[in-house]
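K.L.:
To start, I am sharing the structure in question, which I have written as structure tokens.
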Amino acid sequence: MPLSRGSSLHFYPTSRADVDKSVLVSFPYLELESENKTPNLGIETLNGTNFSTWKDSLMLSLGLIESDQALDKPAPAELTDKSTSQDIIKHEKWSRCNRMPLVLIKNSISPIIRGAIPDSKDAKTFLSSVED
Numbered sequence: 005m006p007l008s009r010g011s012s013l014h015f016y017p018t019s020r021a022d023v024d025k026s027v028l029v030s031f032p033y034l035e036l037e038s039e040n041k042t043p044n045l046g047i048e049t050l051n052g053t054n055f056s057t058w059k060d061s062l063m064l065s066l067g068l069i070e071s072d073q074a075l076d077k078p079a080p081a082e083l084t085d086k087s088t089s090q091d092i093i094k095h096e097k098w099s100r101c102n103r104m105p106l107v108l109i110k111n112s113i114s115p116i117i118r119g120a121i122p123d124s125k126d127a128k129t130f131l132s133s134v135e136d
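At position 47 of the sequence shown the residue is numbered 51 (our numbering), and the sequence of numbers has no breaks.
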């Protein structure tokens with residue numbers, strides 16, 4: 005059935021086997037790493053000799069999918085018993101904005117290099133650790 009104007013196509017893979025070359029026709033921005041078949045959104049894998057190009061491709065990809073806000077804004081204050089509903093909403097929004105870049109950053113780094121980087125739950129802090 006053809007898509008009409010304003011409609012959208014959703015693909016929910018249930019396993020890595022479902023993400024195959026046929027998906028690339030519909031989603032040309034989705035590339036597969038040949039080694040592990042993990043979607044990388046065109047982000048070059050950091051291998052120790054390509055930091056500049058890796059960071060450029062990472063920032064471009066995050067900007068294109070509008071997931072770079074957590075790298076620009078500081079984390080909100082931790083929630084407490086006295087947190088207002090506005091504080092809770094702000095914290096939840098930031099957490100969602102932080103999660104995607106963190107996953108993409110971690111998955112675009114060679115496992116050998118990733119093991120030498122201190123783990124963090126904050127994308128901005130993790131990216132700073134990679135830069136050091």
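Note that the Cβ used here is the ideal one computed from N, Cα and C, for glycine as well. The structure displayed is predicted, hence computed values, not measured ones.
1) Starting from W109, follow its DSSP beta bridges and name the residues at the other end.
2) With a Cβ-Cβ cutoff of 8 Å, do W98 and P115 count as a contact?
3) Buried or exposed for I47, going by 16 or more other Cβ atoms inside 10 Å?
4) Given a cut-off of 8 Å on the beta-carbon distance, is the pair N111 and D126 in contact?
5) Mind reading off the beta-carbon distance from I109 to L62? Whole number of angstroms is fine, and I expect it under 8 Å.
6) Report yes if the CB atom of L83 is closer than 8 Å to the CB atom of I92, and no otherwise.
P.N.:
Taking the definition as stated:
1) Reading off the sequence, residue 109 comes out as Ile, not Trp. Answer by DSSP bridge pairing: none, since I109 is not bridged.
2) no
3) buried
4) no
5) 7 Å
6) yes
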